[in-house]
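Below is the structure:
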């Protein structure tokens, strides 16, 4: 079935359209605006549900002049992410009604959360690189606002800045990778394209040719690395995992949404989407595996260890999110003939399973914090008696996170063990580290999962002795209960989830031309021993043996974190503090108050870059140079040269402005000689007005220029002025070198008026009677808009300076100084306005 363009656009646009309505609706509905947002999410989910089973792309014109279209693509992977983003969104908005009741900033919260959901839907369905990048960065911007929801708290500000810096920086690397891919596609038969998938000339459809072009140019590994940086920063993989635990400063519903179905899932989605492009159907282990599988397994282990050292329940879940995302990336990263399909199955199935149990656990964490009024692990325990239903929900989700059969997380982790085992068996040597690291990291996953579950068992600690823990409201209990039900079904009957969405999602991540087999999983398979089932049993056994020593392990991780070189935040903090220090030093050196210091580097860089660009493009030509001008034009140019020399030798501001006006009047005479009297008149009027304004301003400036005593500075200034002049000269020559086939004015005259026959609205004619006016406001509307914008910005700058001067004057004057105080100030050597004689003379008043 071919996807419906209207339905797709509506599903993506609905959250963005609804977000601006939140302020108005909040005045009417109050906190119940949460249900409006949930309805919007349900609407997007329903619209996407109508596309279930569809496969293909739709293209909408975006920038036709550049050949750029908005391409949306529907397949199993896109629908999986879309259903998770909108489906979990319904539950998160519903949960927020109870959780956010006593919070502030509801309008910003719900509006931003809707835009956040819409951005993630855009990432899922965008099939061209430009649209994908736009939606990708929108998730970073909206998550910045959500993480920093408590904007007056220092921890929230720090967390929001950290997430923004890391994810946006990674997005810029990813953009560079996109440009490299588009550049390489130009050497293929299909031609240059920004479309990733869905059309016959897309990058993935011509994957083999694109890979060959990249390798021929030596850009395969750089392109892979650039795209991978974007993915791993967004999905919080080591060493970029440090932003995710700090993101727990956001309200818990945001954490549940961000960690399970949005934001971080964008990174693993990107890996799954680009897998068919970078992974060839070859028996050898590709660079893709060496980079991503290794990084994913290492990140999975490091962050699982850090989760054991967590002291806060949301911190524990945040590190566990990074760990499970590492599992997904490792799954997608494992390739080669023996893992081409198994790796995709691992990634796709764990995207689903992780979203279900992680959203459940974050919502449970919100209930615990809401009812127990603490998130510290050491202060929690014995909650089963007060929250029996929540305890049951937690058991289902936590055991799924631990990978205990037959809960849902077990099946996708089992696929990871199977994939690493086959890769190691086929390649031997160091590749046996893959299954070893997978088991080692999974032991720590088992440990922290049991620790989270232990919050509901044992005795209540003293910190909860006087706390009245009661049943949460239905709006907070129903969402995790529904998710737990889905987890149970996916665990006991995994084939239901596979047939519903996972099978088609993993098929989207195998190379073009490879026929994916059908994934079959069921509980009877647990009774057939395999090496990878043995890996799962070994993980559980080691975890059970190690759990009694959990407190020792926790203390050991905390001690390791206290060491500067192994502290998670040390390197980020050092880099940002170092960058701030460099910035301050540069600001002191550059912003010295002298205009020359600002202008010289800017002019030098602009001129150098422009001339280098002209030279690289081969646009500088000497053809026609040396032609003799007519006698009148030569006379005008001679006067202009004399005026320019006079400006350089002018002894005062007034003399300089008057001689400078000679150049403007000579330009007007050039227009007259070129039969353009209207331009000449305009030039004369503007030149006269500018001259008058300059003379009025000069009344407030010193009468004479300062003297330049340094010969080196004089030479440098002359060289820079000559370079800038030559750049302007070259720009004019290049800009006027192109000759149109026919006179341009004929088109303007023909199209400026009203056509003989037209309807009530027409867009192909100017509809005016003055061709000059039509050119300004129609044919060159953007140019005119730019000029107006420049004038407006200059006017605002002038008003700002005037306002600052007024504030400065008000600060200097002290109207409450009494006559006696004024006399005392003068007697002490000061002046009535408070300054000393030394200050007035520029001396040191100390």
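Residue numbers (this note's numbering): 42 to 887.
Virtual Cβ for every residue (Gly too), placed ideally from N, Cα, C.
The way I'd put it, the segment 178 to 190 doesn't touch the segment 79 to 98; fewer than three beta-carbon pairs between them come closer than 8 angstroms. For residue 53, the uninterrupted alpha helix (DSSP H) run begins and ends at 46 to 59, by DSSP.
Counting only runs of 4 or more residues that sit fully inside the segment 173 to 258, the alpha helix (DSSP H) segments are 195 to 226, 248 to 257, in chain order. In the structure shown, the three-state DSSP call for residue 454 is helix.
Pairing residue 104 with residue 699, the inter-Cα distance amounts to about 48 angstroms. For residue 98, there is no enclosing alpha helix (DSSP H); the residue is part of the beta strand (DSSP E) that begins and ends at 97 to 104.
7 angstroms or more divides the Cβ of residue 358 from the Cβ of residue 398. Cβ-Cβ distances below 6 angstroms link residue 310 to 122 in the same chain, with the five nearest sequence neighbours on each side left out; the list follows chain order. A distance below 7 angstroms separates the beta carbons of residue 496 and residue 421. In the structure shown, the three-state DSSP call for residue 583 is helix. If the five residues before and after residue 46 are omitted, its C-beta is found closer than 6 angstroms to the C-beta atoms of 99, all from its own chain and listed in chain order. The Cβ atoms of residue 290 and residue 547 do not sit closer than 7 angstroms to each other. Annotation: the continuous alpha helix (DSSP H) that includes residue 140 extends over 117 to 140. Here residue 370 is buried: its Cβ has 16 or more other Cβ atoms, across all protein chains shown, within 10 Å.
Only residues of its own chain outside the window of five on either side were considered, and among them 160 have a CB closer than 6 angstroms to the CB of residue 179, listed in chain order. If the five residues before and after residue 167 are omitted, its C-beta is found closer than 6 angstroms to the C-beta atoms of 173, 176, all from its own chain and listed in chain order.
Under DSSP, residue 169 forms a beta bridge with 236. Bridge pairing for residue 114: 98 [DSSP]. The alpha-carbon of residue 826 is positioned some 29 angstroms away from that of residue 54.
If you check the CB distance, residue 424 and residue 588 do not come in under 7 angstroms. In this structure, residue 235 sits near residue 170, with a CB-CB distance shorter than 7 angstroms. Across the set 765, 213, 151, 610, the C-alpha of 151 shows the shortest separation from the C-alpha of residue 75. In this structure, the alpha-carbon of residue 163 lies about 20 angstroms from that of residue 317. Excluding sequence positions up to five before and after residue 216, its CB lies within less than 7 angstroms of the CB of 174, all in the same chain and listed in chain order.
The alpha carbon of residue 601 has as its nearest neighbour, out of 347, 204, 476, the alpha carbon of 347. The alpha carbon of residue 794 has as its nearest neighbour, out of 802, 812, 777, the alpha carbon of 812. When C-alpha distances from residue 270 are compared across 469, 789, 213, 226, the shortest belongs to 213. When 294, 210, 287 are compared, the shortest CA-CA separation from residue 131 is found for 294. Out of 522, 501, 661, the CA that lies nearest to the CA of residue 434 is found in 522. Rounded to the nearest angstrom, the gap between the Cα atoms of residue 769 and residue 388 is 56 angstroms. Inter-segment contact for the segment 509 to 517 and the segment 450 to 464 is absent: fewer than three beta-carbon pairs are separated by less than 8 angstroms.
The three-state secondary structure of residue 492, taken from DSSP, is helix. For the 7 angstroms CB-CB criterion, residue 112 and residue 48 do not form a contact. Remark: C-beta atoms of residue 85 and residue 127 approach each other more closely than 7 angstroms. For residue 353, the pairing in a beta bridge is given by DSSP as 417.
Distance check between residue 681 and each of 658, 692, 707 places 707 closest, using alpha-carbon atoms only.
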